[in-house]
Amino acid sequence: MELWILAALANPLVFSIVTLIDKKVLSGFGMPLPSFNLWVGGSQGIFGTIVLLTSFPAGVAFIVLVQAWSIGVLQAFTLIFMFWMLKREDPSRVIPAMQTSPIYVALLAWLIFGESL
0 MELWILAALA NPLVFSIVTL IDKKVLSGFG MPLPSFNLWV GGSQGIFGTI VLLTSFPAGV
60 AFIVLVQAWS IGVLQAFTLI FMFWMLKRED PSRVIPAMQT SPIYVALLAW LIFGESL
C-alpha cells in the first residue's frame with residue numbers, strides 16, 4: 000500500500016482526536032479560552048520560528064514572506080473563533096461548519112481569478 004494512502008486515511012482520525020481533546024480541555028477541564036489560545040498560539044509560534052530559522056527559503060521575495068505571514072495571522076483568527084465555538088457547542092456542529100471553507104475558496108477563485116467551477 001502506498002504511504003500517502005495511509006496518511007490520507009490517518010488525517011481525519013488524528014484531526015478528530017485533536018478536536019475532542021480541544022473540547023475536553025476547553026469545556027471539561029474549564030481552561031479559560033484566552034489561556035488556551037495563548038498556549039496554542041505560543042506553541043505554534045515557537046514551532047514555526049524554529050522551522051523558519053532552520054530552513055529559511057533562499058531567494059524568496061520579501062513580499063512573499065509578508066503574504067505568507069498574513070495568511071498565518073488570518074488562520075490564527077480562524078482558530079480563535081473555532082475554539083470559542085468549541086467551548087460553547089458540540090464538535091459535531093462546529094467542525095462541519097469550519098470545513099465549509101472549500102466552498103468559499105471555489106467561489107472566491109471564480110470571482111477573483113475567473114476560474115471555472
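Using numbering that gives the first Met the number 0, read the sequence shown as starting at 0 and increasing by one per residue. Even glycine gets a Cβ: it sits at the ideal position worked out from N, Cα and C.
For residue 4 and residue 36, which I take to be in contact (beta-carbon distance under 8 Å), what is that distance rounded to the nearest angstrom?
With 8 Å as the limit, residue 4 and residue 36 do not qualify as a contact, their Cβ atoms being about 35 Å apart.
For the putative contact between residue 107 and residue 25, defined by C-beta atoms under 8 Å, what is the C-beta separation to the nearest angstrom?
Contact flag wrong, Cβ pair sits at about 30 Å.
Thinking residue 32 and residue 83 are a contact (beta carbons under 8 Å), I'd like their distance in whole angstroms, please.
6 Å
Taking the C-alpha atoms as reference points, what is the distance between residue 115 and residue 99?
19 Å
Would you kindly work out how many angstroms separate the C-alpha atoms of residue 71 and residue 11, rounded to a whole number?
22 Å
In whole angstroms, what separates the C-alpha of residue 64 from that of residue 47?
13 Å
Rounding to the nearest angstrom, what Cα-Cα distance links residue 111 and residue 34 in this structure?
37 Å
Only counting the same chain, and skipping five residues up and downstream in sequence, which positions put a Cβ closer than 6 Å to that of residue 121?
The displayed coordinates of the chain run from 0 to 116. Any statement about residue 121 would go beyond what the structure contains.
Mark residue 21 as exposed unless 16 or more other C-beta atoms lie within 10 angstroms of its C-beta, in which case mark it buried.
buried
Return the chain-ordered list of same chain residues with a C-beta closer than 7 Å to the C-beta of residue 105, the five sequence neighbours on each side being excluded.
116
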